[in-house]
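Right, one structure below, let's go through it.
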Amino acid sequence: MSALNSNISLNDIVSLLSAKGERQKKLHKSADTITLNSFKGKVWLRGIIEYSNICFKNCYYCGIRKDNNKLKRYRLNGNETVEKAVYAWKSGLGSVLLQSGEERSNLFIESVNNIIKEIKKRTNGELAIVLSMGEQSTKTYKKWFNSGAHRYLLRIESSNKELYEKLHPNDNLHNFNNRLKAVESLKKVGFITGTGIMTGLPGQSKEDIAKDILFIKEREILMSGNGPYIVHKETPLFNSYTNIPDANERVNLTLNMIALLRILMPNINIAATTALDALDKKGRLKALKAGANVIMPNITPTKQKKSYSIYSNKPGINNSLSDNIKNVEEIVKESGKIIAYNEWGDPLQ
Ligand code: 5AD
Ligand code: SF4
Numbered sequence: 110m111s112a113l114n115s116n117i118s119l120n121d122i123v124s125l126l127s128a129k130g131e132r133q134k135k136l137h138k139s140a141d142t143i144t145l146n147s148f149k150g151k152v153w154l155r156g157i158i159e160y161s162n163i164c165f166k167n168c169y170y171c172g173i174r175k176d177n178n179k180l181k182r183y184r185l186n187g188n189e190t191v192e193k194a195v196y197a198w199k200s201g202l203g204s205v206l207l208q209s210g211e212e213r214s215n216l217f218i219e220s221v222n223n224i225i226k227e228i229k230k231r232t233n234g235e236l237a238i239v240l241s242m243g244e245q246s247t248k249t250y251k252k253w254f255n256s257g258a259h260r261y262l263l264r265i266e267s268s269n270k271e272l273y274e275k276l277h278p279n280d281n282l283h284n285f286n287n288r289l290k291a292v293e294s295l296k297k298v299g300f301i302t303g304t305g306i307m308t309g310l311p312g313q314s315k316e317d318i319a320k321d322i323l324f325i326k327e328r329e330i331l332m333s334g335n336g337p338y339i340v341h342k343e344t345p346l347f348n349s350y351t352n353i354p355d356a357n358e359r360v361n362l363t364l365n366m367i368a369l370l371r372i373l374m375p376n377i378n379i380a381a382t383t384a385l386d387a388l389d390k391k392g393r394l395k396a397l398k399a400g401a402n403v404i405m406p407n408i409t410p411t412k413q414k415k416s417y418s419i420y421s422n423k424p425g426i427n428n429s430l431s432d433n434i435k436n437v438e439e440i441v442k443e444s445g446k447i448i449a450y451n452e453w454g455d456p457l458q
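Quick note on numbering: this note's numbering labels position 82 of the sequence shown as 191, and the sequence is numbered without any gaps.
Here is the structure:
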């Protein structure tokens, strides 16, 4: 392996995405060394609250897409959402991530806005709020930012326009250029902005993933969450399940991608995502040893958690919230790192 530094070429990235065995160990070790150097062994927790599974989009891969009528839809009420955030704060989690399907109604925008303001008030401004609520107008992004949310995740899913278009309906709601613009708009508004992709999608090459990695670097993105694609029966893409890499390979692609992101971007936040654990019980642990510095216990109320079924076999859906936090604490302990309780954990800039 050539020396790994931030000038690593596209060809090297493509090659390293396939790293296995000793070569993979070395890759992960290099990334871990950089992570230790940047974050001094600390890992930050974000409590995920899945606010609503109502979505007006129809991404071909996603289990909560609009046309899946087998799903019970819910939106948490404002008080309950704020209570869970307060619970996160009292449990020492420095941030909450409010995540939902995409809606752009005034009712939705105002409800989210009120929740942001109320969380800030109830936690003395001490809890960081991260949003993942899809593509919204700049006006909405500004409103939510001014109310106190300060980080936002919007996955690009794939930076290859052609592939993006194969994964989404061909209409205005699923327009690739609008997605790119939304990422830029978030940055302009002032959000610490994150993006990411799924690995192992049908039709996705290693070169595509390598270019996604460079996209994240070139766009000066400060956070990245990436996970393996997992088939869901009630989606159009289910029919392509024979055309994707096996589970092990999809996990390795995500892990190698995390390591490469870390090598290229020593200071950004990289999440050990839950989808990894759906395919490999040690997935998130491996991610924490390969460059990730963030992990996200799910603190959605147990009653609704099973309905946020973006993909199949989502881990921890029957666990209590405290169990989910405990599990994550165990994983961090096993990784040899320490949890930075009560800290926001903004990326180092
Ligand atoms: N497998 C893995 N991840 C998925 N997502 C949506 N559907 C799936 C799936 N089947 C991811 C997308 C989206 C995020 C909320 O969940 O990347 O941005
Ligand atoms: Fe909706 Fe997001 Fe799922 Fe697409 S990926 S259908 S926007 S929840």
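A virtual CB, placed ideally from N, CA and C, is assigned to each residue, including glycine.
No experiment lies behind these values; they were computed from the predicted model shown.
Of the listed residues G299, K442, D121, I318, nearest to G305 (C-alpha basis): Locating residue 305 in the sequence shown gives position 196, where the first residue counts as 1. Looking at the Cα atoms, I318 is the closest of the given residues.
Whole angstroms is fine: what's the gap from S161's alpha carbon to K296's? Mapped onto the sequence shown, residue 161 falls at position 52. Mapped onto the sequence shown, residue 296 falls at position 187. Approximately 24 Å between the Cα atoms of the pair.
Let's test the definition: count the other Cβ atoms within 10 Å of the Cβ of Y417 and tell me whether it reaches 16, buried, or not, exposed. By 1-based counting over the sequence shown, the position of residue 417 is 308. When all chains shown are included, Y417 counts as buried.
Can you tell me whether N378 is helix, strand or coil according to DSSP? Sequence index remark: in the sequence shown, residue 378 carries index 269 (1-based). Here N378 sits in strand by DSSP.
With a Cβ-Cβ cutoff of 9 Å, do I367 and A387 count as a contact? On the sequence shown, position 258 is the one that residue 367 refers to. On the sequence shown, position 278 is the one that residue 387 refers to. In this structure, A387 does not lie closer than 9 Å to I367 by Cβ.
Out of G400, T383, A399, Q313, point me to the one whose CA is closest to N407's CA. For the purposes of this step, residue 407 is taken as residue 298 along the sequence shown, with counting starting at 1. Taking only the C-alpha atoms, the option nearest N407 is T383.
Alpha carbons only, please: which of Q208, K248, V191 is nearest the one belonging to K230? Position 121 of the sequence shown, counting from 1, holds the residue named residue 230. Nearest option by C-alpha distance: V191.
Three-state secondary structure (DSSP) at M110? In the sequence shown, the residue the question calls residue 110 occupies position 1. Reliability of the predicted coordinates at M110 is poor, the pLDDT of 47 falling under 50, and the value obtained from them is presented with this limitation in mind. The answer is coil: DSSP assigns M110 none of H, G, I, E or B.
With DSSP run on the structure shown, which of helix, strand or coil describes R393? Here residue 393 refers to the residue found at position 284 when the sequence shown is read from its first residue. R393 falls in the helix class under three-state DSSP.
If you follow the beta strand (DSSP E) that S204 is part of, which residue opens it and which one closes it? The residue labelled residue 204 in the question sits at position 95 within the sequence shown. Note, S204: beta strand (DSSP E), 204–209.
From this set, K251, L364, K252, K342, which residue's C-alpha is nearest N335's C-alpha? By 1-based counting over the sequence shown, the position of residue 335 is 226. Nearest option by C-alpha distance: L364.
Indicate whether L126 and R132 have their beta-carbon atoms separated by less than 9 Å. Numbered from 1 along the sequence shown, position 17 holds the residue referred to as residue 126. Numbered from 1 along the sequence shown, position 23 holds the residue referred to as residue 132. For L126 and R132, no; Cβs fall outside 9 Å.
Determine the burial state of N269: buried for a count of at least 16 other Cβ atoms within 10 Å of its Cβ, exposed for fewer. Sequence index remark: in the sequence shown, residue 269 carries index 160 (1-based). It is buried - the Cβ of N269 has at least 16 other Cβ atoms within 10 Å.
Does the region 425–442 touch the region 167–187, meaning 3 or more C-beta pairs lie closer than 8 Å? no
Measure the C-alpha to C-alpha separation of G309 and N188 and round it to an integer number of angstroms. Working through the sequence shown from its first residue, we reach residue 309 at position 200. Working through the sequence shown from its first residue, we reach residue 188 at position 79. Each residue's alpha carbon lies about 38 Å from the other.
Simplified DSSP assignment, three categories, for L263: The residue you call residue 263 lines up with position 154 of the sequence shown. Note: L263 maps to coil in three-state DSSP.
Run through the DSSP bridge pairs and tell me what I158 is partnered with. Along the sequence shown, read from residue 1 onward, the residue named residue 158 stands at position 49. Its beta-bridge partners are L207.
Kindly indicate the opening and closing residues of the beta strand (DSSP E) around I238. By one-based count along the sequence shown, residue 238 stands at place 129. Per DSSP, I238 belongs to the beta strand (DSSP E) from 237–241.
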